[in-house]
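Have a look at the structure below, then the notes.
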Amino acid sequence: MSSAIVPGMRSGDMSDDELLALRERREPDIEGKSKKLWLLPDDLCLIEIIPSIRSFTFNRDEMVADTGPLRLDFYERAAARLAADGVRTAFSRRVSPICYLAEYCPAPPFEVIVKNRAVGSTLVKYPGLFTPEQVLPRPVVKFDYRTDPEDQPIAEDYLRALELPVDEMAQLALRVNKSLGSWLRPVEVWDFCLIFGTSPDGELVLISEVSQDCMRLRHSDGSSLDKDLFRRGAGHGEIISAWRRLLDELG
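Heads up: take any position in the sequence shown, counting from 1, add 832, and you land on my numbering.
Structural data, given as structure tokens:
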């Protein structure tokens, strides 16, 4: 089967085999620490998940086999739930265990973080203000500038100076929080990070992956079901087992 895009054919109409053949034939147009991306016509892209887990705070960066399919298993379900709740995501369809077709919107160097508990960077950057794992009276929305080696908090007025729709992004992040919280209950969402892009028609689109790799989730028995296991030094087998348990809990 040819991997070329036939003139006049929409890339969204390509079969999974055609998309995967294109991936084998071409080098990725964009490659980061956790994903490879191939640009396609019609404002679409093919994304391959790299099974990497990274923690700057704990100076740990490893490839963890089998996490790619587990991340995409979760993201596929999360995208369906968010779409049902009126949140536009970039996810279009799954192509393979580790690849998916998505709407392409350039990623800005900013992410939106929602925190329902005082964990992670909240305790590191603001020592003494909160007790560890304290439930916050209302979700906290903050913005980080994505830069190496460590993302930095950025004041909202800087983003407004760049003419970014700060208030709209914050409100959309809270809608995501409500949707995920309702869907995952009794698993509790402690925090998560999102990246929003802007579509050619000017609408905000959630372009980042929603998975165990970008959020903190706690089972009702108190156990971690996310990347915190990696941060705390858990072995690969323990991480895989917990991530599979999360999917099993969702049914």
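Ideal placement from N, C-alpha and C gives every residue a C-beta, glycine not left out.
Cβ-based burial, residue i [other Cβ within 10 Å; buried from 16]
i, result
"Lys947", "buried"
"Val919", "buried"
"Asp861", "exposed"
"Gly900", "buried"
"Arg949", "buried"
"Val967", "exposed"
"Glu935", "buried"
"Pro839", "Note that Pro839 scores a pLDDT of 44, beneath 50, so its modelled location is shaky and nothing firm can be said."
"Gln1044", "buried"
"Arg1064", "exposed"
"Ala1074", "buried"
"Lys1059", "buried"
"Arg1050", "buried"
"Thr979", "exposed"
"Glu894", "exposed"
"Glu863", "exposed"
"Glu982", "exposed"
"Glu880", "buried"
"Asp1033", "exposed"
"Asp1053", "exposed"
Residues of its chain near residue i, where Cβ-Cβ distance is below 7 Å and the 5 sequence neighbours each way are ignored
i, result
"Phe1062", "Ile885, Ser887, Arg892, Ile1071"
"Ala1005", "Val944, Val946, Val973, Leu1026"
Beta bridge counterpart(s) of residue i as assigned by DSSP
i, result
"Ala934", "Cys877, Phe923"
"Gln1003", "BP columns for Gln1003 are empty, so no partner."
"Ser884", "Met895"
"Tyr977", "Phe942, Gln984"
"Cys1025", "Ile945"
"Ser1056", "Arg1050"
"Trp870", "Leu878"
"Ile862", "Leu869"
"Glu1111", "In the structure as shown, the chain begins at 833 and stops at 1083. Residue 1111 is therefore absent and cannot be evaluated."
"Val1037", "Gly1029"
"Val1042", "Partner(s): none; Val1042 has no beta bridge."
"Val967", "Arg949"
"Ala972", "The sequence given here places Val at residue 972; Ala does not occur at that position. Looking at the DSSP assignment, Val972 forms a beta bridge with Lys947."
Contacts around residue i, its chain only, beta-carbon distance under 6 Å, and the 5 residues preceding and following it disregarded
i, result
"Val972", "Lys947"
"Ser866", "Ile882, Ser884"
"Ala910", "Val1042"
"Ser847", "none"
"His1068", "Val896"
"Ala1066", "none"
"Leu1082", "none"
"Asp898", "Ile1072"
Distance between beta carbons of residue j and residue i, contact taken as under 8 Å
i, j, result
"Gly1029", "Pro938", "6 Å"
"Val1093", "Leu1038", "Within the shown structure, residues of the chain are numbered from 833 to 1083, placing residue 1093 beyond reach of any answer."
"Leu902", "Leu1057", "With 8 Å as the limit, Leu902 and Leu1057 do not qualify as a contact, their Cβ atoms being about 11 Å apart."
"Leu878", "Leu851", "5 Å"
"Gln984", "Tyr990", "Contact flag wrong, Cβ pair sits at about 11 Å."
"Cys1046", "Ser1055", "Not really, about 19 Å apart at Cβ, beyond 8 Å."
"Glu995", "Phe975", "Contact doesn't hold; Cβ gap of about 14 Å is too wide."
Cβ-heavy atom distance, residue i to the ligand MN, below 7 Å
i, result
"Asp893", "The ligand MN is not among the ligands present in this structure, which contains no ligands whatsoever."
Same chain, Cβ closer than 8 Å to residue i, five either side skipped, listed in chain order
i, result
"Val951", "Pro964, Glu965, Trp1022, Asp1023, Arg1048"
"Leu955", "Phe962, Pro964"
"Arg913", "Ser1011, Leu1012, Trp1015"
"Glu908", "Phe923, Arg926, Tyr932"
"Leu1036", "Arg920, Pro997, Glu1000, Met1001, Leu1004, Phe1028, Gly1029, Thr1030"
- request: Mind the definition here: the stretch 938–949 touches the stretch 1018–1036 only if three or more C-beta pairs lie below 8 Å; say whether that holds.
  value: By the criterion of at least three beta-carbon pairs nearer than 8 Å, the stretch 938–949 is in contact with the stretch 1018–1036.
- request: Could you say if the stretch 925–935 and the stretch 987–999 meet the contact criterion of at least three C-beta pairs nearer than 8 Å?
  value: No, because fewer than three Cβ pairs between the stretch 925–935 and the stretch 987–999 fall closer than 8 Å, the two stretches do not touch.
query: How about the stretch 843–851 and the stretch 873–882: do they share at least three Cβ pairs that are nearer than 8 Å?
result: Enough Cβ pairs lie closer than 8 Å, so yes.
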